[in-house]
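Going by numbering that gives the first Met the number 0, the sequence shown opens with residue 0, and the numbers climb by one from there. In this text, a Cβ means the ideal position worked out from N, Cα and C, and glycines have one as well. Note that the coordinates shown come from a computational prediction; the quantities given were computed from them, not determined experimentally. Taking it in order: structure first as structure tokens, then the write-up.
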Amino acid sequence: MLLLAEEEEDFDYDAFFRAYASLWKGIYSREYCEQSAYQDSHPIDYLRVNVTLMQQPEFYETYDIKEGDGMYMAEEDRIAVW
């Protein structure tokens, strides 16, 4: 996901992460989320953002996320697909 960012001098990870999150933002009722879980093979939007970003080492560095923080995921649990 961020391989091209490494080639850019002074890449703004904060702006990138915020734009990515803004792309997927939405307001849904609890009923919609529950229905979507059974009918749609794709995760709901907040999971697409949160879980994806939680895989990125740059996300932890940008926001100084540490163990115990709400969006912390242990390094051994992260997926290195992106």
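Spatial neighbours of residue i in its chain, beta-carbon cut-off 6 Å, leaving aside the 5 residues before and after
i: R77; result: Q54
i: I43; result: C32 and S35
Local Cβ density within 10 Å of residue i, reported as buried at 16 or more and exposed below that
i: L22; result: exposed
i: L3; result: exposed
i: L52; result: buried
Range covered by the alpha helix (DSSP H) that runs through residue i
i: P56; result: P56 to Y62
i: R47; result: D44 to L52
i: R17; result: Y12 to W23
i: S35; result: R29 to Q38
Distance CB(residue i)-CB(residue j) smaller than 8 Å
i: A58; j: F10; result: It is Phe, not Ala, that sits at residue 58 in the sequence shown. Contact: no.
i: T61; j: Y19; result: no
Any chain B beta carbon closer than 8 Å to residue i
i: K24; result: Any reference to chain B falls outside this structure, which holds one protein chain only.
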